[in-house]
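One structure is given below, encoded as structure tokens.
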């Protein structure tokens, strides 16, 4: 049980400890007054006996009832028995009327407000009634007792109402604490589930963008070697060397991925150098003419932007190799005012509007003012377009925009633009979240 869940019942028990002390004081004062009164000894014994019986009656029946706030027949049995015992004590000795300061609050805590008020008023009028029945009191004494009874009614009723309100607020406070505890547990559970989902998506993107693409390249190169091993052994050896290089790069990427570090290709080089190696690797693997250029003044970029642009180039290159049937590819890294962009364009087959519309519907990510996200053929072994979906998610995380423009027979152009100020703000927000 949490600390909040234990706090409410503990507070209620502490509060009732104070009430128990008040009850004991009222009992001792009242019995002391009865003991020193001038009535015959037999009546004093009856009065003290009735007052003393109130103690076990309260401890055994009334106190558990008040602590649990239950409503059953004991809510009637306890106040009736309490009132009878007080009536016996007051009939034997009017000094017992001081017990009303404890009796009325107990009536208020065990009964509904209206019945408790009725019994409280009757109890305060009981001493005046007993004096009138005995007929031995003078007029001023009756008036004094009547005024004292009216004051007692007012004080005891106010005290009882205050106690009842405190008990109700305590109960509501306990309910709120329990609701808060349940809400916290639900939030923690939902946060845990959201964290698991986000981590799964991140792992899926990393595996797709590194290991899966490298394995695809290795498979293609091995197939090429198998076709060339007898007819062109020199070319086969070149492709085998390339397989080894791709495998080493994949191993480095996997180690960096497991250690959650910067991609190996960005650890000791700039983004432009990493993209140039990516272009050279695509040429070596496919024989395509891949032209790489840098426009604008090259400058250091946040690592989050470097990673996103590198992964975008890798995904675009994979799509060109697998689907485009292109002859040439242009890869341009543009440094602009307040933003950086990457454009990868090929002269391959392209795809039509029908495929694009279906892809956009499946994507579900397009928003006004953020470009057009289109995914090539959804059934080409790419996990249902997961590559470009993952790319779009990466770009969106740093506040960027991705667009894919294609026409049948006119090639495909993938462009990513990242505003540097927004990327920096995103990094600052991530750092703040990690610190918290």
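Residue numbers (this note's numbering): 209 to 644.
We put the beta carbon where it would ideally sit given N, CA and C, even for glycine.
8 Å Cβ cutoff met for residue i and residue j
i, j, result
"residue 282", "residue 273", "yes"
"residue 459", "residue 541", "no"
"residue 489", "residue 543", "no"
"residue 547", "residue 628", "yes"
"residue 318", "residue 294", "no"
"residue 247", "residue 280", "no"
"residue 297", "residue 335", "no"
"residue 529", "residue 621", "no"
"residue 316", "residue 372", "yes"
"residue 259", "residue 304", "yes"
"residue 242", "residue 252", "yes"
"residue 514", "residue 479", "yes"
"residue 365", "residue 328", "yes"
Where residue i falls: helix, strand or coil (DSSP)
i, result
"residue 509", "coil"
"residue 439", "coil"
"residue 596", "helix"
"residue 228", "helix"
"residue 405", "helix"
"residue 500", "strand"
"residue 425", "helix"
"residue 611", "strand"
"residue 606", "coil"
"residue 514", "helix"
"residue 243", "helix"
"residue 291", "helix"
"residue 616", "coil"
"residue 275", "helix"
"residue 519", "helix"
"residue 392", "helix"
"residue 558", "coil"
"residue 236", "helix"
"residue 444", "helix"
"residue 320", "coil"
"residue 434", "helix"
"residue 453", "helix"
"residue 281", "coil"
Heavy atom of the ligand GTP within 7 Å of residue i beta-carbon
i, result
"residue 480", "Summarising the ligand content, the structure contains no ligands, and the ligand GTP is consequently not present."
Pairwise C-alpha distance: residue j and residue i
i, j, result
"residue 477", "residue 388", "51 Å"
"residue 284", "residue 239", "26 Å"
"residue 234", "residue 338", "21 Å"
"residue 424", "residue 486", "15 Å"
"residue 626", "residue 611", "12 Å"
"residue 497", "residue 536", "5 Å"
"residue 322", "residue 379", "20 Å"
"residue 614", "residue 392", "49 Å"
"residue 532", "residue 442", "27 Å"
"residue 311", "residue 331", "9 Å"
"residue 671", "residue 451", "Coverage of the chain is limited to positions 209 through 644, which leaves residue 671 absent and any answer about it impossible."
"residue 562", "residue 616", "Confidence is the limiting factor: at residue 562 the pLDDT is only 41, short of 50, which leaves the residue's position unreliable, though a coordinate-based value still follows. Their Cα atoms are separated by approximately 11 Å."
"residue 226", "residue 401", "46 Å"
"residue 609", "residue 603", "6 Å"
"residue 455", "residue 422", "7 Å"
"residue 429", "residue 399", "44 Å"
"residue 506", "residue 539", "15 Å"
"residue 502", "residue 481", "10 Å"
"residue 519", "residue 618", "24 Å"
"residue 420", "residue 434", "21 Å"
"residue 394", "residue 524", "41 Å"
"residue 228", "residue 396", "40 Å"
"residue 409", "residue 596", "13 Å"
"residue 232", "residue 385", "31 Å"
"residue 440", "residue 534", "24 Å"
Terminal residues of the beta strand (DSSP E) in which residue i lies
i, result
"residue 538", "536-544"
"residue 303", "Here residue 303 belongs to no beta strand (DSSP E), and DSSP marks it neither H nor E."
"residue 620", "620-627"
"residue 553", "547-554"
Candidates the options: closest to residue i by CA position
i, options, result
"residue 516", "486, 601, 420", "601"
"residue 495", "391, 447, 624", "447"
"residue 512", "401, 614, 607, 385", "607"
"residue 499", "455, 527, 554", "554"
"residue 196", "241, 269, 623, 378", "In the structure displayed, the chain extends from 209 to 644; residue 196 sits before or after that span and is not available."
"residue 307", "255, 324, 325", "255"
"residue 362", "385, 333, 373", "333"
"residue 432", "492, 376, 403, 395", "492"
"residue 326", "355, 341, 288", "288"
Limits of the alpha helix (DSSP H) - the one that residue i falls within
i, result
"residue 261", "249-265"
"residue 489", "479-494"
Cutoff 8 Å: residue i Cβ touching any chain C Cβ
i, result
"residue 522", "In the displayed structure, chain C is absent; only one protein chain is listed."
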